[in-house]
Structure formats: structure tokens, C-alpha cells
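This report refers to the structure that appears directly beneath it.
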Amino acid sequence: MAENKTLKVPGATLYYQVRGSGPVLLMIPGGPTDAAIFAGVVPHLTDRYTVVAYDPRGNSRSVLDGPAVDVDADVHGDDAHRLLAELGDEPAYVFGSSGGAVIGLNLAARYPGQVRTLVAHEPPCGRILPDAEEYLAGTEEVYQAYRTGGVEAGMKRFEEFVGLSGEEQEQPQTPPSPEMMEGWGRIGGNLDFFLGHVLRPVSGHLPDVAALRQGPARIVVGVGDASTDRQYAYRSAVALAEALGRPPAVFPGDHGGFVARAEEFAVTLDKVLNAT
Numbered sequence: 108m109a110e111n112k113t114l115k116v117p118g119a120t121l122y123y124q125v126r127g128s129g130p131v132l133l134m135i136p137g138g139p140t141d142a143a144i145f146a147g148v149v150p151h152l153t154d155r156y157t158v159v160a161y162d163p164r165g166n167s168r169s170v171l172d173g174p175a176v177d178v179d180a181d182v183h184g185d186d187a188h189r190l191l192a193e194l195g196d197e198p199a200y201v202f203g204s205s206g207g208a209v210i211g212l213n214l215a216a217r218y219p220g221q222v223r224t225l226v227a228h229e230p231p232c233g234r235i236l237p238d239a240e241e242y243l244a245g246t247e248e249v250y251q252a253y254r255t256g257g258v259e260a261g262m263k264r265f266e267e268f269v270g271l272s273g274e275e276q277e278q279p280q281t282p283p284s285p286e287m288m289e290g291w292g293r294i295g296g297n298l299d300f301f302l303g304h305v306l307r308p309v310s311g312h313l314p315d316v317a318a319l320r321q322g323p324a325r326i327v328v329g330v331g332d333a334s335t336d337r338q339y340a341y342r343s344a345v346a347l348a349e350a351l352g353r354p355p356a357v358f359p360g361d362h363g364g365f366v367a368r369a370e371e372f373a374v375t376l377d378k379v380l381n382a383t
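Just so we're aligned, residue 108 is where the sequence shown starts under my numbering, counting upward by one.
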């Protein structure tokens, strides 16, 4: 059973869940999702790690103190830093997915002493690509589509922009748990905040490659074996791995492989975290 906890941080209260025993493994979800996105993979890790998953500020149960405002990678990175400080003094393992991977990269660059190994799975950090200006223009188009047409128009343009439109996503191999079903139900309520206040500032973050290369934390960029180079997250992950001078680690599934192929994904993640 999970321990459900909260942590007060400047401007918000973070909700997080703790399961298992062993060294801390912080799991950071991306986009409009929350801790429940990891409900399938977490049970396969709790015999080796104290797994901590949380809702990023503004999403689901991590509520803001006041009106919605833009939240950039530095603010999210500070939240992860404060959460790790609450959990103990030892460097932690960190896994971040999509926008959560961007947050993990920010954390490792700015608070390197808190991170033992970071696995950044398909971070959408398009500013590292040769066509960075086109990428930034695309995020602006998504934002403007949302502003003029609402969530449905914004998400349609988002899926086209990131390369997911028209592609069939892998489905879970087992029926989703009640926790995951509840999480999917909450995501719809996060879309306004994601499109209006998170997408541009987080996707516009340029990882500090020099700090990541020089710091004590081991940085691993992950890609899905079912992802393709028409997807911005995959392309930027490959480019970041090249900039860091290390080949990407290949994980089962696509951008959400930890949902569709949870047990396989957990096995790979454990191996990557403990590789030397």
C-alpha cells in the first residue's frame, strides 16, 4: 500500500506517494499526467527501491496556492529538489518521463549532489535540435490553437506537432488498475493548465549539457524501441544523448512504454539504473 503524503513548497503543495523499501527512486511524470501514470510499473520495483511518485505542481492533487501561472523547468526542478531533501540526505535514483525527464535534467544540472543516476526517458527538449526555431514555433502554434479554440483544438495541434497524430499507441498488456483508471480520469482536468502554463516553458528548456557532463550524477537518456524519428521527443532524446557523449538506452515500447509494457520496462529500468 502507498503512503500518501504532501509537502508544502513555495506557491504550492505537492502530493506524493511512497511505496517499497531500499534506495529512493523518484519518478517524475510528464505533461498533464500525475503519479498514477506509473501505477503499472511501480509494483515491479518496490522490492528493490523506495519508489516515490508525485503529481507535479498544478496537476491533479498538487494544488497551487493562488491563480494559475506559468511554471518553468527551474520551478519544477526546485520542487523535485525540495522533495528529495524531505526524503533524506543520500543521492537518489531519478526517472523522468517526457516533460518529467526535462524536470529531471534540470534537477541533475542544478542540484547534482542529490542525484545518483538520472534516466531521462524521451525528454522533449527540442531546443537542442538543429531545427530548434521550428520546434519553438510549433509549441507557440499549439498554445495559440488552445487560446483560440480551447483544449480540444490545442490537443489536436499538440498531437500533430509532436508526431503522435495518426499513430496508434501501444495499449497495456493487462487491464489497467483502479489507480490508473482514476489517474486517467484526472488528466482531463489538467489539460488547461498544461496547454496554458506548462507546455511552452518546459518544452522550451535547454538542458545544461556542460553541467550534466561535468557533474557527479550519471545521466542516461532513454528512448523507446517502438518510437520513431518523426516524433520530437525521440529526436531530441537522441540528440541529447549524442551531446552527452553516451548512446541512449533502449526501453521497451513507445513514448509511454512504462504503461503498455510495464513489467518489461521495470526490468530494463532496474538494469539501466544499476549499470556501471
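For each residue, glycine too, the CB sits at the ideal point set by N, CA and C.
Small disclaimer: the values here were computed from a predicted structure and weren't measured.
- Non-local beta-carbon contacts of Arg368 in its own chain, meaning distances under 6 angstroms to residues more than five positions away in sequence, involve Pro359 and Gly360 in chain order.
- For Pro139, the number of other beta carbons within 10 angstroms of its own is at least 16, and it is reported as buried.
- The alpha carbon of Leu313 has as its nearest neighbour, out of His151, Tyr123 and Ala216, the alpha carbon of Ala216.
- Annotation: the continuous beta strand (DSSP E) that includes Ala227 extends over Val222 to His228.
- Apart from the 5 residues on each side of it in sequence, Ala160 sits with its Cβ closer than 6 angstroms to the Cβ of Gln124, Met134, Ala142 and Phe145 in its chain, given in chain order.
- For Ile135, the enclosing beta strand (DSSP E) has its first and last residue at Val131 to Ile135.
- In the three-state reduction of the DSSP assignment, Gln124 falls in the strand class, which pools E and B.
- Collapsing the DSSP output to three states places Ser343 in a helix.
- Taking the C-beta atoms as reference points, Gly261 is found nearer than 8 angstroms to Val249.
- Within 10 angstroms of the beta-carbon of Glu110 lie fewer than 16 other beta-carbons, which makes it exposed.
- In the same chain as Val366, and ignoring 5 residues on each side of it, the C-beta atoms closer than 7 angstroms to its own belong to Ile144, Gly147 and Pro279, in chain order.
- Taking 8 angstroms as the cut-off, the beta carbon of Ala192 is found no closer than this to the beta carbon of Pro130.
- The beta-bridge partner set that DSSP reports for Arg325 consists of Thr224.
- Rounded to whole angstroms, Asp336 and Tyr122 show a C-alpha spacing of 35 angstroms.
- When the alpha-carbon of His151 is set against those of Val374, Ala382, Val379 and Thr281, the nearest one is in Val374.
- Leu225 and Gly206 have their alpha carbons spaced roughly 14 angstroms apart.
- For the 8 angstroms CB-CB criterion, Asp162 and Ser169 form a contact.
- Closest option to Asn381, judged by alpha-carbon separation, among Arg223, Leu298 and Gly184: Arg223.
- Glu110: member of the beta strand (DSSP E) spanning Glu110 to Val116, first to last residue.
- Shortest Cα-Cα distance from Asp238 to any of Ala324, Gly329, Gly363 and Tyr339 involves Tyr339.
- Judged by their CB atoms, Leu114 and Ile235 are not nearer to each other than the 8 angstroms cut-off.
- Sequence-distant Cβ neighbours of Met287 in its own chain, meaning closer than 6 angstroms and more than five residues away, are Ala143 and Ala146.
- From the listed residues His188, Gly311, Leu132 and Thr157, the smallest Cα separation to Phe202 is found for Leu132.
- In the three-state reduction of the DSSP assignment, Asp141 falls in the coil class.
- Short of 7 angstroms from the beta carbon of Arg189, and not among the five residues preceding or following it, lie these beta carbons of its own chain, in chain order: Leu114 and Val116.
- Take Leu171, set aside five residues on each side of it, and the residues of its chain with a beta-carbon closer than 8 angstroms to its own are Gly118, Ala119, Arg164 and Gly165, in chain order.
- With fewer than 16 other Cβ atoms from the protein chains shown falling within 10 Å of its own Cβ, Pro354 counts as exposed.
- The C-beta separation of Gly127 from Val158 comes to about 5 angstroms, placing the pair in contact by the 8 angstroms criterion.
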